[in-house]
Amino acid sequence: MNFSSNSNVLIQGITDPLGRIYAPRMQKYGTRIVAGVDPGQGGQIIQGIAVYDMVEQAIAQVGTIDITVLFVPPYAVLDAALEAITAGIRQLVIITEGVPPLDMVHLLRQAEATETLVIGPNAPGLIIPGQLLLGIHPPLFYQPGSVGIVSRSSTLTYEIAWELTQAGLGQSMVIGIGSDRIVGSSFQQWLQILEEDDRTEVIVLIGEIGGDSEEMAAQYVSEVIDKPVVAYLAGRTAPKGQSMGHAGAIIASLIADMGTDIGTAESKLAAFKQAKIPVVNRPSQVPDWIKKVSNKINKG
Amino acid sequence: MELLEYQAKELFRQMGIPVLPSQRIYQPRDLRSLTVPYPIALKSQVHTSRRGKAGGIRFVENTIDAMAVAQTIFHLPIQGNYPELLLAEAKYDAEHEFYLAVVLDSSSRRPVLLGSQYGGEDVEAHLDQMQQVIVEREFSPFYARRLALKMGVEGTLIQSVSAIVEKMYTLFIHYDLDLIEINPLGINVTGDLMALDGKVTINDAALGRHTGLGQLFPSLLSQSSLQTPSGGLNRVELEGNIGVLCNGAGLAMATLDLIHQAKGKPAGFVDVGGEYRQSGSRLSLQESLQHGLDWIQQVPEVTVILINLIGSTFSCLEVANAIADSWNTRVFANGSLVASPQLVVRLVGDDFALAQAHLSSLHVPVFDRLDDAIAYAIKLTI
Chain C
10 MNFSSNSNVL IQGITDPLGR IYAPRMQKYG TRIVAGVDPG QGGQIIQGIA
60 VYDMVEQAIA QVGTIDITVL FVPPYAVLDA ALEAITAGIR QLVIITEGVP
110 PLDMVHLLRQ AEATETLVIG PNAPGLIIPG QLLLGIHPPL FYQPGSVGIV
160 SRSSTLTYEI AWELTQAGLG QSMVIGIGSD RIVGSSFQQW LQILEEDDRT
210 EVIVLIGEIG GDSEEMAAQY VSEVIDKPVV AYLAGRTAPK GQSMGHAGAI
260 IASLIADMGT DIGTAESKLA AFKQAKIPVV NRPSQVPDWI KKVSNKINKG
Chain P
10 MELLEYQAKE LFRQMGIPVL PSQRIYQPRD LRSLTVPYPI ALKSQVHTSR
60 RGKAGGIRFV ENTIDAMAVA QTIFHLPIQG NYPELLLAEA KYDAEHEFYL
110 AVVLDSSSRR PVLLGSQYGG EDVEAHLDQM QQVIVEREFS PFYARRLALK
160 MGVEGTLIQS VSAIVEKMYT LFIHYDLDLI EINPLGINVT GDLMALDGKV
210 TINDAALGRH TGLGQLFPSL LSQSSLQTPS GGLNRVELEG NIGVLCNGAG
260 LAMATLDLIH QAKGKPAGFV DVGGEYRQSG SRLSLQESLQ HGLDWIQQVP
310 EVTVILINLI GSTFSCLEVA NAIADSWNTR VFANGSLVAS PQLVVRLVGD
360 DFALAQAHLS SLHVPVFDRL DDAIAYAIKL TI
């Protein structure tokens, strides 16, 4: 992982509606956007950013690119991502929602073979407050500090970051890994990154019902992570069997009638308990818990 | 989206997965022109499993019985669903019933092959016998043979079972499926295989690129437009009196949890998120809010609507203006004040104070802290 304010960043889909909105916002935040790509749109300049038809043309002009942020339409994501990987880019942030899952399977096979990190899809991306914005986090909600956040939900991430900021607790690095059923990077990968990050003192893990990523993250924390971790879990009172909007957040095994209870709030809370990870009941309790832990560490 | 059995079997037939001769029955008298020889099974075509136990699958020997049974099944709701058609299918004498499936596993981020020698209705009782093989790299038939061997299949059945799995996998990839299942796969005394029932779930996000499926089953298109009314706003109906409108599924779930914790009762939520959804129709903020409020107001029990929007591309003032516009047209419908739920708004972002001032003039309270907004909403319902 190599994310910093010195990273050279490409925007794929810069002339798509969201690319047009967010590329300038990222640039204003200090992200070094060196080029944009959109097939058939080459030659344009958008907010001072030169647009190319292909990734390789952009690289030929501006040199090495470290990160690409994708705003392209869902069915174009796989192709755009493979183009970026083939051109040598090893860090991808996919904002687009609704990428067909089998496209992600295909993409992730290539990503693993080339050791490429993929954030998303359906993700707000990554923010290092005060330094770097890769995606669509609203900067207003964040301030620099020492709390790391990793989350499956975008708006809930903003909610908890805002609570922290209001309480005077800044953030070191905040990652929304994405809300689709198949996403590139896992909780474990980011827990490891936050564990190694010098600025991060405490980690907030924001989970929700569905899937088994919280269960796996809990086990990973108990085995590997030494920094204090606090969890929040959304969807505890969600009705069973209902799709709650996020592709993963459905409490029903795909194979109906098999009676598995993986993905329920109960199985996740049990996993957190077993891993001795405290779970707060409300977003507003996250700052209280962190202040308590910080006091302990400081007195320590 | 889940296909009906007859639709799934149409795909099986195209792929060369063996299925029994069958005929669609739209009304009992269609049985007079039945070309499938008796005895037959009459199967209710509803999106529900356990049809057999509910009486939705019946075997009949002749036309008179068949018409009477068809009449019954057409009027038999299974978990509240009535069939639009029945499938009349030849009978098969199976010695064994296997289970086969291909699903997408979000942990390994790979397709997984599933199989068991205890299929049919036994599958739940023998979950410990369910074998799985993760398709790590590009598929090749050896993955299917690996599954057959893990299932304990021997001899010539290894090749015939794995050939079916291979065809299932081809369909899985070709149509962007979330799930393809054959349960049971019938095996008769001579070792012939037959897909006796099938389930196919197409990934909704990929539906748009499978126009061929829409031509094959025109009803699919109307279903998919039914499933995403109002341009794809996600909504869930519950039984309380506080309607919730949020701009994200995670935030919506958290808001419901908080209402429950405070002893309130949510009447359901509508998620007007999808700001970075680029396929399908994209609604403006105004339209999203209007559709969302329309839906919430249809729920008669709702006395309070809590709007909780955070981190959109819009400033608080823009959001407040959109809320005010759509609220005014409602409350002052036909030029006079109409009875309406009370609105509580929670916003965070630029121009918060301006938004608060604007909505306050319409007697709509605006909060920036979620806990405060929830406490206020609940107070209004007491």
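Order-wise, the sequence lines are chains C and P.
In case it helps, our numbering puts the first sequence at residues 10 to 309.
In case it helps, our numbering puts the second sequence at residues 10 to 391.
A virtual CB, placed ideally from N, CA and C, is assigned to each residue, including glycine.
CA-to-CA distance, residue j to residue i, given in whole angstroms
i, j, result
"P197 of chain P", "D102 of chain P", "For the sequence presented, residue 197 of chain P should be read as Asn rather than Pro. N197 of chain P and D102 of chain P: Cα-Cα distance of roughly 6 Å."
"I184 of chain C", "L126 of chain C", "13 Å"
"D235 of chain C", "I286 of chain C", "12 Å"
"I251 of chain P", "R245 of chain C", "18 Å"
"V211 of chain C", "V279 of chain P", "34 Å"
"T164 of chain C", "K62 of chain P", "43 Å"
"V9 of chain C", "V18 of chain C", "No answer is possible for residue 9 of chain C: the residues shown for chain C start at 10 and end at 309."
"P133 of chain C", "I145 of chain C", "5 Å"
"A226 of chain C", "E147 of chain P", "28 Å"
"A256 of chain C", "D187 of chain P", "Residue placement at A256 of chain C cannot be trusted, given a pLDDT of 44 that sits under 50; the coordinates are not used to answer."
"G289 of chain P", "D25 of chain C", "Low confidence applies here, because G289 of chain P scores a pLDDT of 46, under 50, leaving its location unreliable; read the following figure in that light. The straight-line gap from Cα to Cα measures roughly 14 Å."
"K369 of chain P", "V353 of chain P", "Note that residue 369 of chain P corresponds to Ser in the displayed sequence, not to Lys. The alpha-carbon atoms of S369 of chain P and V353 of chain P are separated by roughly 10 Å."
"V328 of chain P", "F150 of chain C", "17 Å"
"L40 of chain P", "A214 of chain P", "38 Å"
"E217 of chain C", "I76 of chain C", "28 Å"
"L216 of chain P", "Q307 of chain P", "29 Å"
"I68 of chain C", "L27 of chain C", "23 Å"
"I316 of chain C", "L265 of chain P", "A question about residue 316 of chain C goes unanswered here, because the residues of chain C that appear run from 10 up to 309."
"S293 of chain C", "R190 of chain C", "28 Å"
"S297 of chain P", "R244 of chain P", "12 Å"
"E130 of chain P", "I104 of chain C", "43 Å"
"G312 of chain C", "I299 of chain C", "Residue 312 of chain C lies beyond the range of chain C shown here (10 to 309); nothing can be said about it."
Backbone secondary structure at residue i - three-state DSSP
i, result
"T338 of chain P", "helix"
"S288 of chain P", "For S288 of chain P, the predicted structure reports a pLDDT of 45, less than 50, and the residue's modelled location is therefore unreliable. The matter cannot be settled from this model."
"G154 of chain C", "strand"
"I54 of chain C", "strand"
"Y15 of chain P", "helix"
"A63 of chain P", "coil"
"F68 of chain P", "strand"
"L188 of chain P", "strand"
"G268 of chain C", "Legend: pLDDT at G268 of chain C = 43, less than 50; position of this residue unreliable, no value from coordinates given."
"Y91 of chain P", "coil"
"G128 of chain P", "coil"
"T77 of chain C", "strand"
"R208 of chain C", "coil"
"S31 of chain P", "strand"
"L205 of chain P", "coil"
"Y101 of chain P", "coil"
"T125 of chain C", "coil"
"K236 of chain C", "coil"
"G223 of chain P", "helix"
Unbroken beta strand (DSSP E) run spanning residue i, endpoints
i, result
"I316 of chain P", "V313 to I319"
"T264 of chain P", "Careful: T264 of chain P lies outside any beta strand (DSSP E), inside the alpha helix (DSSP H) at A258 to Q270."
"S42 of chain P", "Premise fails: S42 of chain P is in no beta strand (DSSP E) and is neither H nor E."
"D114 of chain P", "H105 to D114"
"L356 of chain P", "Q351 to V357"
Where the alpha helix (DSSP H) through residue i begins and ends
i, result
"M177 of chain P", "T165 to H183"
"P150 of chain P", "P150 to K159"
"R218 of chain P", "Neither: R218 of chain P is in no alpha helix (DSSP H) and is coded neither H nor E."
"K37 of chain C", "P26 to Y38"
"D112 of chain C", "P110 to A122"
Using 8 Å as the threshold, is the segment 103–111 of chain P in touch with the segment 189–204 of chain P, meaning 3 or more CB pairs across them? yes
Any residues in the segment 143–167 of chain C with a beta carbon nearer than 9 Å to a beta carbon of chain P? Which ones, in chain order? I145, H146, P147, L149, F150, S160, R161, S162, S163, T164, L165, T166 and Y167
Between the segment 61–91 of chain P and chain C, which residues of the former have a C-beta closer than 8 Å to a C-beta of the latter? none
When you check each C-beta in the segment 215–234 of chain C against every C-beta of chain P, which residues fall closer than 8 Å? I215, E217, I218, G220, D221, S222 and M225
Closer than 8 Å, Cβ to Cβ, to anything on chain P: give me those residues from the segment 23–37 of chain C, in chain order. Contact residues of the segment 23–37 of chain C toward chain P are D25, P26, L27 and I30 (C-beta to C-beta distance below 8 Å).
Indicate whether the contact test is met: 3 or more Cβ pairs, each with one atom in the segment 80–90 of chain C and one in the segment 21–35 of chain C, closer than 8 Å. yes
Under 7 Å (Cβ pairs) to chain C, residues found in the segment 289–320 of chain P: If the cut-off is 7 Å between Cβ atoms, the segment 289–320 of chain P has I319 and G320 near chain C.
Short of 7 Å Cβ to Cβ, which residues in the segment 114–133 of chain C face chain P? V114, L117 and R118
Touching by the beta-carbon criterion (3+ pairs, under 8 Å), the segment 103–111 of chain C and the segment 50–66 of chain C: no
Are three or more beta carbon pairs between the segment 117–125 of chain P and the segment 147–166 of chain P nearer than 8 Å? yes
Is the segment 89–96 of chain P touching the segment 29–44 of chain P in the sense that three or more CB pairs, one from each, lie closer than 8 Å? yes
The segment 197–208 of chain P: positions lying closer than 9 Å to chain C by Cβ: K208
Contact between the segment 83–101 of chain C and the segment 163–178 of chain C: three or more CB pairs below 8 Å? no
Taking one C-beta from the segment 307–327 of chain P and one from the segment 152–167 of chain C each time, how about it: are there three or more such pairs within less than 8 Å? Yes, the segment 307–327 of chain P is in contact with the segment 152–167 of chain C.
Tell me which residues of the segment 103–114 of chain C have at least one Cβ-Cβ distance to chain P shorter than 9 Å, keeping chain order. I104, T105, E106, G107, V108, P109, P110, L111, D112, M113 and V114
Assess contact between the segment 69–83 of chain P and the segment 154–163 of chain P, defined as three or more Cβ pairs (one per stretch) separated by less than 8 Å. Is contact present? no
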